[in-house]
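Please read the structure below before turning to the comments.
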Amino acid sequence: EIKDFADVLTYEDWGVSIEKAVERALSNRPDLVAQRRRVEYAETLLALEKKGLSPEISASAGYSAYGNAPFDDNGWNAKLSLSFPIYDGGLTRSRVEGAEADLVTSKAQFDSASNDVMLEVRNAWHALAEAKEALNASLEAERQARET
Numbered sequence: 001e002i003k004d005f006a007d008v009l010t011y012e013d014w015g016v017s018i019e020k021a022v023e024r025a026l027s028n029r030p031d032l033v034a035q036r037r038r039v040e041y042a043e044t045l046l047a048l049e050k051k052g053l054s055p056e057i058s059a060s061a062g063y064s065a066y067g068n069a070p071f072d073d074n075g076w077n078a079k080l081s082l083s084f085p086i087y088d089g090g091l092t093r094s095r096v097e098g099a100e101a102d103l104v105t106s107k108a109q110f111d112s113a114s115n116d117v118m119l120e121v122r123n124a125w126h127a128l129a130e131a132k133e134a135l136n137a138s139l140e141a142e143r144q145a146r147e148t
């Protein structure tokens, strides 16, 4: 004996454009967030390494009071120092170049990961569209079969 089942498969449309889906994936994927942080770290490291190529200036001032008598050694002092990196055997320049290379690498890895995510979303979007079409075709075939 065959029983009649009224099991109907339904499809609920999200109403989200493919562009919005890609945008959400790019902003919410943990692997991309981590990759973005690596780029930010490489940018910070490069900025720090470049500081080694710049002159450094520092200033300080103070006042010393040793007593209340008129001839006590009270006084002001001030200090200004300026240092220039003259020669370090190319170490600083090499570190800057290494940091620049790390930044280029991390940006390329981020771009590659972003492209992978966009491709995954687009493939999933198209698979969803195909599944929707297949569902509609199956429902139409079922409807026609019931009519005959």
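All residue numbers for the sequence shown refer to the working numbering, where the first residue is 1 and numbers rise by one. Think of the CB as a built atom: it goes at the ideal place given N, C-alpha and C, for glycine as much as any other residue.
Bridge partner(s) assigned by DSSP for residue i
{"i": "Ala78", "result": "Ala61"}
{"i": "Ser83", "result": "Glu56"}
Outcome for residue i when other beta-carbon atoms lying within 10 angstroms are tallied against a minimum of 16
{"i": "Leu46", "result": "buried"}
{"i": "Ala99", "result": "buried"}
{"i": "Glu147", "result": "exposed"}
{"i": "Ala141", "result": "exposed"}
{"i": "Ala59", "result": "exposed"}
{"i": "Ala78", "result": "exposed"}
{"i": "Ala101", "result": "exposed"}
Cβ-Cβ separation, residue j to residue i (assumed contact under 8 Å), whole Å
{"i": "Ser94", "j": "Glu56", "result": "Not confirmed; about 20 Å, so no contact."}
{"i": "Arg29", "j": "Val104", "result": "Actually they do not touch by this definition, with Cβ atoms about 22 Å apart."}
CB of residue i within 7 Å of CB of residue j, strictly
{"i": "Leu53", "j": "Thr92", "result": "yes"}
{"i": "Asn74", "j": "Ala65", "result": "yes"}
{"i": "Tyr87", "j": "Trp76", "result": "no"}
{"i": "Lys50", "j": "Val22", "result": "no"}
Exercise. How do the segment 103-113 and the segment 33-53 stand: do at least 3 beta-carbon pairs fall below 8 Å, yes or no?
Worked result: yes
For this session: Assess, as a yes-or-no matter, whether the segment 13-23 is touched by the segment 120-129 under the definition of 3 or more beta carbon pairs within less than 8 Å.
Result: yes
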